[in-house]
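Notes to accompany the following structure.
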Amino acid sequence: MYHINIIKQQYGELTVLSDLKTSINEGEFVAIMGESGSGKTTFLNILSGIVDEYEGEISYFDAPLQTLNKKQLTEFRGKEIGMIFQDFQLIDFLNVTENILLGNDHSSVEQVNEMLEKLGILDIKDKSVLKCSGGQLQRVAIARALISGKKVVLADEPTASLDSKSGREIMEILKMLHEEGLSIIMITHSPSIASYASRLLYLYDGHFVSDLQLGDKDQSSRLKDIMDVVGEVYEANL
Numbered sequence: 478m479y480h481i482n483i484i485k486q487q488y489g490e491l492t493v494l495s496d497l498k499t500s501i502n503e504g505e506f507v508a509i510m511g512e513s514g515s516g517k518t519t520f521l522n523i524l525s526g527i528v529d530e531y532e533g534e535i536s537y538f539d540a541p542l543q544t545l546n547k548k549q550l551t552e553f554r555g556k557e558i559g560m561i562f563q564d565f566q567l568i569d570f571l572n573v574t575e576n577i578l579l580g581n582d583h584s585s586v587e588q589v590n591e592m593l594e595k596l597g598i599l600d601i602k603d604k605s606v607l608k609c610s611g612g613q614l615q616r617v618a619i620a621r622a623l624i625s626g627k628k629v630v631l632a633d634e635p636t637a638s639l640d641s642k643s644g645r646e647i648m649e650i651l652k653m654l655h656e657e658g659l660s661i662i663m664i665t666h667s668p669s670i671a672s673y674a675s676r677l678l679y680l681y682d683g684h685f686v687s688d689l690q691l692g693d694k695d696q697s698s699r700l701k702d703i704m705d706v707v708g709e710v711y712e713a714n715l
């Protein structure tokens, strides 16, 4: 799906990413961890085409993204990539259904209702987003990301603004969607949230220092493996 070879990405004199190589396959659920400032969000924004200034090559199903202009990257993102953010990025003066349909011109109210029912929030379809809980807002954001049939989701700290119960509920939804075939690339600071993924990439100082396959292990075993990686990275960089 994604083949990545970033030689360097920088803002001014600050190098954010360097010597970063990996591939992400269709159908994977990849968690990306790392300390603040390690380059996680920049990496995700390169995959979506939001950031297009870097040295290197990124291909999506063998199509090189670095050859696309800004208009083409916007079209690519709108057609191929669903985005989920920690602050939801919904429009306050629109209701739930209107938010999901915004920018999804080819989707119908019936499709929205089906998606909302799947996510367990059909009862709030006409509700103002200002009156929704954080967990409800993130489900609305997931519905918006998927309503047009996108098969790839990039999630930037999707549980960071939620309490622990709502965060677990959102992760169970993402787990269900992954089991149905959705490809997910997710940033998180939390080892417990990362344990829902099938693979862990750990970023440190702009490059990957660990690539761990979590496979079909139970979640507690995944969490232990992730904590071991975090400990190893910490000890190696004392």
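All letters in the sequence shown, in the order written, are residues 478 to 715 by the numbering used here.
No residue lacks a Cβ here, since even glycine has one placed at the ideal position from N, Cα and C.
- Message: Using DSSP's beta-bridge definition, name the partner residues of T665.
- Response: Partner(s): none; T665 has no beta bridge.
- Chain-order list of residues whose beta-carbon lies under 6 angstroms from that of T636 (same chain, five-residue window excluded): The answer, listed in chain order, is G644, I647, I670.
- Query: Is there contact between the segment 683-690 and the segment 489-503, where contact requires at least three CB pairs shorter than 8 angstroms?
  - Reply: When C-beta atoms of the segment 683-690 are compared with those of the segment 489-503, three or more pairs fall below 8 angstroms, so the two segments count as touching.
- Mapping DSSP to helix, strand and coil, what is Y681? Reduced to three states, the DSSP call for Y681 is strand.
- Rounded to whole angstroms, what's the CA-CA distance from A632 to I650? Just pull it up for me. If I take the Cα positions, the gap works out to 13 angstroms.
- Query: Short check: CB of K652 to CB of Y673, under 8 angstroms?
  - Reply: Annotated as proximal: K652 and Y673, with beta-carbon spacing under 8 angstroms.
- Query: According to DSSP, is D705 helix, strand or coil?
  - Reply: In the structure shown, D705 sits in a helix (DSSP, three-state: H, G or I).
- Query: By Cβ distance, which residues of its chain are closer than 6 angstroms to R616, with the 5 residues on each side in sequence left out?
  - Reply: Same-chain partners within the cutoff: L596, I598.
- Task: Apply the 10 Å Cβ neighbour rule to Q613 and answer buried if 16 or more other Cβ atoms are within range, or exposed otherwise.
- Result: Q613 is buried by the Cβ-count criterion.
- K556 bridges to which residues according to DSSP? None; K556 has no bridge partner.
- Item | Short CB-CB distance (under 8 angstroms) between N572 and chain D | In the displayed structure, chain D is absent; only one protein chain is listed.
- Message: Here's the rule: buried if 16 or more other CB atoms are within 10 angstroms of the residue's CB, otherwise exposed. What is A540?
- Response: So A540 ends up on the exposed side.
- Could you give the distance in angstroms between the alpha-carbon of V573 and the alpha-carbon of H583? Distance from the CA of V573 to the CA of H583, rounded to the nearest whole angstrom, comes to 17 angstroms.
- Task: Have a look at C609, K694, R676 and flag the residue whose alpha-carbon is nearest the alpha-carbon of I501.
- Result: Minimum Cα distance to I501 is reached at R676.
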